[in-house]
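J.:
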Amino acid sequence: TCFLEISSWCCSPETRLPSFRQLVEAESAQILLAMEESKDVPKDFIKLKSEKLSVDEVSELVISPYCGAVSLFIGTTRNNFEGKKVIHLEYEAYTSMAETEIKKICRDVRQKWPSVKHIAVHHRLGVVPITEASVIIAVSSPHRAESLEAVTYCINTLKASVPIWKKEIYEDEYSWKENKECFWANSEK
Numbered sequence: 389t390c391f392l393e394i395s396s397w398c399c400s401p402e403t404r405l406p407s408f409r410q411l412v413e414a415e416s417a418q419i420l421l422a423m424e425e426s427k428d429v430p431k432d433f434i435k436l437k438s439e440k441l442s443v444d445e446v447s448e449l450v451i452s453p454y455c456g457a458v459s460l461f462i463g464t465t466r467n468n469f470e471g472k473k474v475i476h477l478e479y480e481a482y483t484s485m486a487e488t489e490i491k492k493i494c495r496d497v498r499q500k501w502p503s504v505k506h507i508a509v510h511h512r513l514g515v516v517p518i519t520e521a522s523v524i525i526a527v528s529s530p531h532r533a534e535s536l537e538a539v540t541y542c543i544n545t546l547k548a549s550v551p552i553w554k555k556e557i558y559e560d561e562y563s564w565k566e567n568k569e570c571f572w573a574n575s576e577k
């Protein structure tokens, strides 16, 4: 690319070549660009926690100057299920296995959508009140199609393969909910 840029530089009339200063500036600019790109290597942010989840925090993790799209999925606690009033949800997890499975999901995303830059998957454990987030997934990519498809894949695969269990607490009873997508639920029937 250096030869293509020579025509835009001020050249000395005798040589028609760029000056030493211009060459040093161009090389410095290329080094800075390479350093910036190396700082923005693809990253996965996985967190299981009992504190309230923050959409702003999760979306900030995946922002990149190289990406024009950040797609989010936010799963929240609703106040009803099959005509019953839901008071809150409670989540439990086999934490180390859940983190391992989420890492596998991130690897799968990167194989299916190589342009994806950053992925964040935060899941809440313990009590989750009505309207609060149980899970937030964020994906950045240069274009929207890849990030939207990757977010959909992440939540569907998480529900199908990650050992996180949900208990719905109603006014006068509770129920452990089985994910219909979950592979081990279907294998026992």
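If you count the sequence shown from 1, position 79 lands on 467 in the working numbering, and the numbers rise without skipping.
Where is the CB? At the ideal position from N, CA and C, for every residue including glycine.
Can you give, in chain order, each stretch of the alpha helix (DSSP H) that sits fully within the segment 506-562 and has at least 4 residues?
T.: 532-549
J.: Pull up the DSSP beta-bridge partners for Asn463, would you.
T.: Counting from one through the sequence shown, the residue named residue 463 turns up at place 75. This sequence places Gly at residue 463; Asn is not what is there. Answer is Val523.
J.: Could you check if His510 is buried or exposed, using at least 16 other CB atoms within 10 Å of its CB as the buried criterion?
T.: Sequence index remark: in the sequence shown, residue 510 carries index 122 (1-based). Under this definition His510 is a buried residue.
J.: Go through its chain and collect everything with a Cβ distance to Tyr562's Cβ below 7 Å, but skip five positions before and after it.
T.: On the sequence shown, position 174 is the one that residue 562 refers to. In its chain, beyond the 5 residues on either side, Lys555, Glu556 have a beta carbon closer than 7 Å to the beta carbon of Tyr562.
J.: Any contact between the segment 461-479 and the segment 497-507? By contact I mean 3 or more CB pairs, one from each, below 8 Å.
T.: no
J.: Should the segment 480-496 be regarded as contacting the segment 437-450, the criterion being three or more beta carbon pairs within less than 8 Å?
T.: no
J.: What's the C-alpha gap between Glu448 and Glu480?
T.: The sequence position of residue 448 within the sequence shown is 60, counting from 1. The sequence position of residue 480 within the sequence shown is 92, counting from 1. Approximately 26 Å, taken between the alpha carbons.
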